[in-house]
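Chains V and C, in that order, are what the protein sequence lines are. Quick note, the first sequence lines up with residues 1 to 424 if you use my numbering. Quick note, the second sequence lines up with residues 1001 to 1251 if you use my numbering. Worksheet: one structure, shown below.
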Amino acid sequence: MNMQTTTRLTAAEAALIEAFNNQIGELPGDGAVIAIRDRLLDDLKTSGLPTRRVEAWHYTDLKTLLRAVPAQAGDAGSDSRDPLVEGSAVLSVIQGRPDHKARAGDLVLSSYAEQLSNGSAANGLGALDKDDAVGRINGSFVRDGYVIDVPAETVLEEPLEIQFVHAGGQTHTRLPVSIGSAVKGTVIERHLSVASDAALVSHVSDVTVGEGSEVTWIIVQQQGADDTHLGQIRIDLGANAKLKLFVINAGGQLVRQELHIKVTGEGADLTLRGINLLGADTHTDVTMVLGHNVPHTGSTEIIRNVVFDRAKGVFQGMIRVAPDAQKTDAKMACNTLLMSDDAEFSVKPELEIFADDVQCGHGATVADIDHNHLYYLMARGIPENKARAMLVNAFVAEIVEELEDEALVEALEGVISAWLEKHA
Amino acid sequence: MLEIKNLHARIAEDGTEIIKGLNLTVKAGEVAAIMGPNGSGKSTLSYILSGRDDYEVTEGEILYNGESILELDPAERASKGIFLAFQYPVEIPGVATMQFLKVAMNEQRKARGEEELKTPDFMRLVKDAAAKLQINTEMLKRPLNVGFSGGEKKRAEILQMALLEPQLCILDETDSGLDIDALKIVADGVNALRSPDRATIVITHYQRLLDYIVPDTVHVLYKGQIIKSGDKTLAHDLEANGYADIIGAAA
């Protein structure tokens, strides 16, 4: 019998394919890159966007949730913004276009468009696996981005803020960053919208952290109320490297931020902290896949969520401990404050442990504002709405304070309180 | 200043009646002590005065400066000058003590239509008040009440009272958990706030606190009612003879 499968495309899927066909002549890339793009698009055509039947997308049915796809972003002039932390070095990507004349201290910058054209970007352009819809969309459409080399022993005195400024429309960007050994510094990857037009943003950061480096990487997502943000960071953590990875979601309509982390050097340590501030009818998903691949590595993950209105949130946290990754020490926690009866948060912690001498644990809590705390603050004359905001702020501020750097803490607390003032 | 008339109140959740026809009047300038055995409704009364919504008033009236406060939430009552020093102050991680003090003072000022405090003025007020209560300012850098000892928590309550300058102070078992030195410091703090336009209600189990905060009136609360009132000698009688005689006489 002749089996025929016809996948009916949704409007969004059809629009993505049409957008690709419209751009095909302009997208940079040599033969190898073109072959990868074609394959990625073919995969998109045949399997479509993932549905809840795909385990990795069970709580974020992209096929249903992604309703429309805007046209490609125009040039429409928008400028870079003041950095979150005063004095930061700033690299801007405006409407998906980096400024290739920009300089940032001793960092070696090159153009991702150029690497696509000469084919050196081919390795790494593809999707991570068959369920990697973010990588697939980004790999199909990406045209440009900064490629950053941080030479060994560089000390960044001030944070480096790479800001992706959107004003509606589609943008697809990449950020390969190679951090040498014994580097110290802070990188802020910031996505923000400056217009109310709907945007579809896909972005992949591809980061290697060299031996003995101590890096803080902060992803701040402040997209607009109608925007779709599909973000991914791929990290390779080398021997004795210490990475503090902070993720703050404070915007967007449909958000998926994936964290794919491989701990590949002995003695490496990861601190992941996430804050999700969710309101209105938004859907936000943070998905982590963390591999402890070698012995003697550690990680802690704490995700704090505050959910208002009818917002839905998801945290999927997968920790894989490879068979020879003995003495792994990993602890994961996900704490949620539900601020309304219609708010939802789904948590899926997963531990896959193939080594026998490890310490791994996870925990999750869901609560609303502590009634006794609220009463205490009100009994001192603090009106209810203000008292609630203080308590919500306290719930997430605990995480931010771990950053210790005063300027950073202040900047992130500013992001949080600005969001709370608007939404709470 | 405070008139409680035939007050009946119950626990909102299960309907258990705790206050059963309570009458009490406290005048401006007066320090009134409320004593009574365990479970007589002393703490409940303090919560009801502060506006805690775990309790429902089913009958009667609470007049504060001649106006009913039953419809006001705790924040509104506080900004009108009602202050409850808690028996068990809660720890609130993530809320810095100084920030809390500043927000509370300024919100009350805002509610009364006064200017907000400037930071240097605020700092000076806190420093002075803390020094009087022998509170280490290092303690105020911690999150609110977090890691404070029992005595530190009580002193922090009195510090808040001194800074907020309420008209009606309610002290719920402020002596519990205090050693004699701390008790003196706290009592000095309370006495410093005594004034002709301020009334204080001191809720306590023991006569001991009343040696330091000498009351003008003493009231015995039992099963949700005031069953006897008198002057400070009543507290001494209770200390000597216990509650049994008074309860027997009232029954």
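We put the CB at the ideal spot given by N, CA and C, even for glycine.
Would residue i be called buried (16 or more neighbouring beta carbons within 10 Å of its own) or exposed?
| i | result |
| --- | --- |
| A1012 of chain C | exposed |
| A1240 of chain C | exposed |
| G210 of chain V | buried |
| E1115 of chain C | exposed |
| D341 of chain V | exposed |
| Q1134 of chain C | exposed |
| E1071 of chain C | exposed |
| H371 of chain V | exposed |
| P1120 of chain C | exposed |
| P98 of chain V | buried |
| E161 of chain V | buried |
| K1042 of chain C | buried |
| K1273 of chain C | It is not possible to answer for residue 1273 of chain C, since the shown part of chain C is limited to 1001 through 1251. |
| H191 of chain V | buried |
| Q4 of chain V | Below a pLDDT of 50, predicted positions are generally treated as unreliable, and Q4 of chain V, at 48, falls in that range; the measurement from the model is reported next regardless. Exposed, since its Cβ has fewer than 16 Cβ neighbours within 10 Å. |
| G168 of chain V | buried |
Please decide whether residue i counts as near chain C, where near means a Cβ-Cβ distance under 8 Å.
| i | result |
| --- | --- |
| N335 of chain V | no |
| P383 of chain V | yes |
| R388 of chain V | no |
| E398 of chain V | yes |
| Y375 of chain V | yes |
| F164 of chain V | no |
| F308 of chain V | no |
| Q4 of chain V | Reliability fails at Q4 of chain V, whose pLDDT of 48 lies under 50, so the model's placement of it is uncertain and the value that follows must be treated cautiously. Closer than 8 Å: no. |
| R380 of chain V | yes |
| N372 of chain V | yes |
| F395 of chain V | yes |
Using a Cβ cut-off of 8 Å (strictly closer), state whether residue i contacts chain V.
| i | result |
| --- | --- |
| L1171 of chain C | no |
| I1255 of chain C | Absent from the model: residue 1255 of chain C. The displayed extent of chain C is 1001 to 1251, so no value can be given. |
| A1235 of chain C | no |
| V1103 of chain C | yes |
| D1073 of chain C | yes |
| V1126 of chain C | no |
| Q1087 of chain C | no |
Tell me the rounded alpha-carbon separation between residue i and residue j.
| i | j | result |
| --- | --- | --- |
| I369 of chain V | E1091 of chain C | 14 Å |
| T1025 of chain C | L1002 of chain C | 6 Å |
| N2 of chain V | D42 of chain V | Only weak support exists for where N2 of chain V lies, its pLDDT of 49 falling under 50; the coordinates are left without a value. |
| N123 of chain V | L116 of chain V | 10 Å |
| N1136 of chain C | Q359 of chain V | 40 Å |
| D75 of chain V | P83 of chain V | 22 Å |
| V289 of chain V | Y1055 of chain C | 48 Å |
| L1164 of chain C | L245 of chain V | 42 Å |
| P50 of chain V | L62 of chain V | 6 Å |
| D1245 of chain C | K1232 of chain C | 17 Å |
| G361 of chain V | K331 of chain V | 5 Å |
| T64 of chain V | R53 of chain V | 12 Å |
| R1198 of chain C | Q1167 of chain C | 5 Å |
| L128 of chain V | G135 of chain V | 7 Å |
| R1208 of chain C | G1039 of chain C | 20 Å |
| E1017 of chain C | K1223 of chain C | 10 Å |
| G267 of chain V | G252 of chain V | 37 Å |
Relative to the C-alpha of residue i, which residue among the options is closest?
| i | options | result |
| --- | --- | --- |
| A1186 of chain C | C:Q1108, C:E1059, C:L1234 and C:E1173 | First, the residue type needs correcting, since residue 1186 of chain C is Val and not Ala in the sequence shown. Nearest option by C-alpha distance: C:E1173. |
| T284 of chain V | V:R304, V:H373 and V:L403 | V:R304 |
| G96 of chain V | V:L9, V:G119 and V:L27 | V:L27 |
| L200 of chain V | V:L16, V:A32, V:G119 and V:A343 | V:L16 |
| L1049 of chain C | C:D1179, C:L1171 and C:Q1207 | C:L1171 |
| F354 of chain V | V:I34, V:H100 and V:I319 | V:I319 |
| A1130 of chain C | C:A1156, C:A1111 and C:M1105 | C:A1156 |
| A56 of chain V | V:A394, V:V314 and V:E402 | V:V314 |
| L351 of chain V | V:E384, V:A121, V:L337 and V:Q316 | V:Q316 |
| T1044 of chain C | C:H1236, C:L1221 and C:I1247 | C:L1221 |
| L107 of chain V | V:V93, V:A268, V:S417 and V:A89 | V:A89 |
| V347 of chain V | V:G363, V:I179 and V:M339 | V:G363 |
What would DSSP say about residue i, mapped onto helix, strand or coil?
| i | result |
| --- | --- |
| S178 of chain V | strand |
| Y146 of chain V | strand |
| E344 of chain V | strand |
| H58 of chain V | coil |
| K327 of chain V | coil |
| Q4 of chain V | Confidence at Q4 of chain V is low in this model, with a pLDDT of 48, below 50, so the placement of that residue should be treated as unreliable; the coordinate-derived value is given next. Coil, per DSSP. |
| I1092 of chain C | strand |
| K1141 of chain C | helix |
| S417 of chain V | helix |
| H1008 of chain C | strand |
| D1245 of chain C | helix |
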